[in-house]
Amino acid sequence: MKVIKINKKDWENGINQSKKEYQLFGPVKEKDNYIFKKLQLDEYPDMEHKDTLVSPKSILFPQTEKILQTNLDESIDDHHIMKQVKKDYSKRAVISIKPYDAKAIQILNLNFDTDEYKDPYWCEAYKATTFIGLAVNNPSVFDFSSSTNTGPFAEQGLDVLLIDCSKEYLAKVLTDKGQAFLDVAGFNQETDNKKAIEIINNMKKKAENAISSQISTQNLKDKNTLDLYEAPFWDDIAFSCINCGTCSFVCPTCWCFDIQDETKGNLSYRIRNWDTCMSPLFTLHASGHNPRGEKTMRVRQRFMHKLKYFLDKYDNGIMCVGCGRCVKLCPVNIDIRKVCNLMNSHEPDTDN
Amino acid sequence: MENPYIPYPVVIDDIKIATEDKSLKTFKFVFLNKQDEKKFSLYKAGQFAELSIPGIGEIPIGIASSPVEKGFVKFTVFKTGVVTSHLHNMKVGDIMGIRGPLGNWYPWDMLKGKNVVIIGGGFAFTTLRSSIIYMLDPANRSQFGNIDVVYGARTPGMLLYRDELYEWETRDDINMHITVDGTNDSDWKYNVGFVPAIVEKKAPKADLNTYAIVCGPPIMIKFTEPALKKLGYNEKQIIMSLENRMKCGIGMCGRCNIGKELVCKDGPVFTLEEINKTPKEY
Ligand SMILES: Cc1cc2nc3c(=O)[nH]c(=O)nc-3n(C[C@H](O)[C@H](O)[C@H](O)COP(=O)(O)OP(=O)(O)OC[C@H]3O[C@@H](n4cnc5c(N)ncnc54)[C@H](O)[C@@H]3O)c2cc1C
Ligand code: SF4
Ligand code: SF4
Ligand code: FES
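Chains as they are written, first to last, in the numbering used here: chain A, 1 to 352; chain B, 1 to 282.
So, in structure tokens, the structure goes:
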């Protein structure tokens, strides 16, 4: 594996260079929060940023996205015939994505790119994107990513991993896509690989040790789904939930969406919007019947999906990367770490 | 890359009122493009499609026509909310879309050589009609043993596909047990009583070669299960088609799940054995 050295003095210049071939997305501060957005010519990614409020999944899977369009004017050809909305899928790079958010993109990819169906909007955007990660030297108190199959220096889903070594970045080149980006940016200063890897590994250990909270997931796989579903703790967990949906909207691994038609004049769009299983409308039948009509059922669905159904379906870990956003932002302090540990240690009552 | 969200354009070719209260209509659609028809016509009885009305929305509806009927597709739709009400007001000649076929189907390969008992209630008879037409087709009839059908509605006028039902009654290669909850019609020649009761009285006892396909409102399903158990059917021999609120129909939007199964893609057809392994959130 090759490591490139980037002097921080050259950083902005490289970013400018890369903008000639790539649309760049990166974290910037807006009001009190960091968000990922498309960088204008004079904008640079904030490399000191803490967590972004919502995850960069929105770059590939926007909160609201036009997918089909048609014209309802009966006097024109092709009226009422729905066609794919044309979009720009030219090369783009996400700069300074955190390793756990990159891992989350891999999880979303399992949902949108399947053997039977491919979601073209996701797949095209995914193909066009280069992921330039930034290792997390100082994990936040909410970060528990080292126990969710990722971690502050994890490489899965990344094309380049940048490591901030105060005066310079070390750039671990992970894929050809990553190399191509560095070439365009003009970052090509080779370094003593062995020494660089040693430095990186030491920093990695330090960062991992700085993560204080862990979850235990090792028993989840062998637990019986219905035992967990019927466990006595769900009412307690759900008691204070106000079904605001914050947890799903900020989550980098939540993929559920709604589809709606919107019409202006004769131009009609089919639009998809992020949705949340915390909303009673999510499952409401036209007849009024609602299979998840009670709050407890919806809270249970969220955790069962992330920590059991997903695990059983893909046999590829849990559907949580440990970013801690939902823990930090839930207005009533519902904490997936506690729920996970309860589920992981649940033994069904054997008396009945 | 094929875009699974784009519906095939179709034109409404015919609309028939299906029940006396006019709450159900049967729509016949013809594809605008022959190659779309060819792709769609590979459907199997039990699958559904998304009926797509530009500007209004999409709804999952079971395919009521049968793969052996060529040149068109049919759906019978109950008027209840936004999209279904709009559809009920549309006219012959209007253009809309159909996306599919979607979901799995009744296990026709496994059912070869078996006796089949079809149990339906209310307007959930659409894919069962498709199945009956498929099995009765001269090319297919010999592949199945006895066919029994228990189908019930509130009143005679609420039964779907009445002309076909009465025609099937006269045949000797299918045993019909039509029933209504009640009727003032003194000429009514068939059963009176709820579906589960008629199942218990008239459906064949289970043997290893007999399978039941059940489709109906939740309350009917709930009471039909014990009736079938009494007749000796085990969980593997009871096949059901489920309904959940849907959007994408292709397993991506995440809303129709029961446990790890997505009703739109892993279903809508499940055996009772499979259903008993998942949370019953339908
Ligand atoms: C596999 C399957 C097969 C079906 N087959 C038939 C059939 O043959 N005939 C028939 O009349 N009905 C059928 N239904 C039910 C039918 O889909 C709903 O009645 C219809 O979606 C209601 O839409 P609406 O816009 O009028 O109602 P609204 O209450 O306005 O619903 C808004 C939207 O929610 C979704 N939705 C609401 N209720 C349901 C529901 N019960 N199931 C799925 N999505 C829902 C739809 O996307 C709908 O457009 C079937 C449902 C499923 C899942
Ligand atoms: S953020 Fe908290 S209160 Fe809001 S829906 Fe999620 S668990 Fe409930
Ligand atoms: S469930 Fe919470 S901690 Fe896990 S990935 Fe989603 S937002 Fe982050
Ligand atoms: S309807 Fe979208 S996942 Fe089933």
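The beta-carbon is built from N, C-alpha and C at its ideal position, and this holds for glycine as well.
From a predicted model like this one, the values you see are computed outputs, not experimental measurements.
For a Cβ distance threshold of 7 Å, residue set 252 of chain B lies close to residue 112(A), ordered along the chain.
The DSSP-derived three-state label of residue 292(A) is coil. In terms of CA proximity to residue 26(A), 15(A) leads the group 32(A), 20(A), 15(A). Boundaries around residue 210(B) are those of the beta strand (DSSP E), 210-215, since no alpha helix (DSSP H) includes it. For residue 84(B), the CB falls within less than 6 Å of some heavy atom of ligand 1.
Proximity of chain A to residue 55(B) at the Cβ level (cut-off 7 Å) is accounted for by 72, 261, 263, 268, in chain order. When the beta-carbon positions are compared, residue 60(A) and residue 122(A) come within less than 7 Å of each other.
Under the three-state reduction of DSSP output, residue 110(B) falls in the helix class.
Interface with chain A (7 Å Cβ-Cβ cutoff): residue 6(B) is included. One alpha carbon belongs to residue 248(A), the other to residue 302(A), and they sit about 8 Å apart.
At a cut-off of 7 Å, the C-beta of residue 80(B) has a neighbouring C-beta in chain A. In the assembly as shown, residue 343(A) is a buried residue. Its beta-carbon has 16 or more other beta-carbons within 10 Å. For residue 306(A), the secondary structure class from DSSP, reduced to helix, strand or coil, is helix. Taken in chain order, the members of the stretch 212-237 of chain A whose beta-carbon sits within less than 8 Å of a beta-carbon on chain B are 225, 226, 229. Chain B places a beta carbon closer than 7 Å to that of residue 119(A), counting this residue as a contact. Neighbours of residue 1(B) in chain A, taken as residues at a C-beta separation under 7 Å, are given in chain order as 118, 120, 123. In this structure the stretch 280-297 of chain A does not touch the stretch 62-75 of chain B; the number of beta carbon pairs closer than 8 Å is below three. With the criterion set as a beta carbon lying under 7 Å from some beta carbon of chain A, the members of the stretch 93-122 of chain B are 95, 96, 97, in sequence order. The beta carbon of residue 67(A) sits closer than 7 Å to some beta carbon of chain B. Counting every other CB atom within 10 Å of its CB across the protein chains shown gives residue 331(A) a total below 16, marking it as exposed.
Scanning 199(A), 104(A), 254(A) for the CA closest to the CA of residue 149(A) turns up 104(A). Taking a beta-carbon distance threshold of 7 Å, residue 282(B) counts as an interface residue toward chain A.
In this structure residue 94(B) touches residue 12(B) by the C-beta definition: roughly 5 Å separates them, less than 8 Å.
By the criterion of at least three beta-carbon pairs nearer than 8 Å, the stretch 261-271 of chain A is in contact with the stretch 65-82 of chain A. Among the CB atoms of chain A, none fall inside 7 Å of the CB of residue 28(B). When the Cα atoms are used, residue 69(A) and residue 269(B) turn out to be separated by approximately 32 Å. Residue contact check for residue 255(B) against chain A: a CB pair falls below 7 Å. Not flagged as an interface residue toward chain B: residue 88(A), since no C-beta distance is shorter than 7 Å.
Looking from the CA of residue 227(B), the closest CA among 185(B), 201(B), 107(B) belongs to 201(B).
The residue from 274(B), 89(B), 116(B) with its alpha-carbon nearest to that of residue 205(B) is 116(B). The beta carbon of residue 260(B) sits closer than 7 Å to some beta carbon of chain A. Taking a contact as a CB-CB distance under 8 Å, the pair residue 195(B) and residue 232(B) does not count as one, their CB atoms being some 18 Å apart. Not one heavy atom of ligand 4 sits closer than 6 Å to the Cβ of residue 340(A). Residue 275(A) carries a coil assignment under DSSP once its states are collapsed to helix, strand and coil. Within the same chain, Cβ atoms closer than 6 Å to the Cβ of residue 124(A) are found at 89, the five residues on either side in sequence being excluded. Proximity to residue 265(B) across 277(B), 251(B), 273(B) peaks at 251(B), based on C-alpha coordinates.
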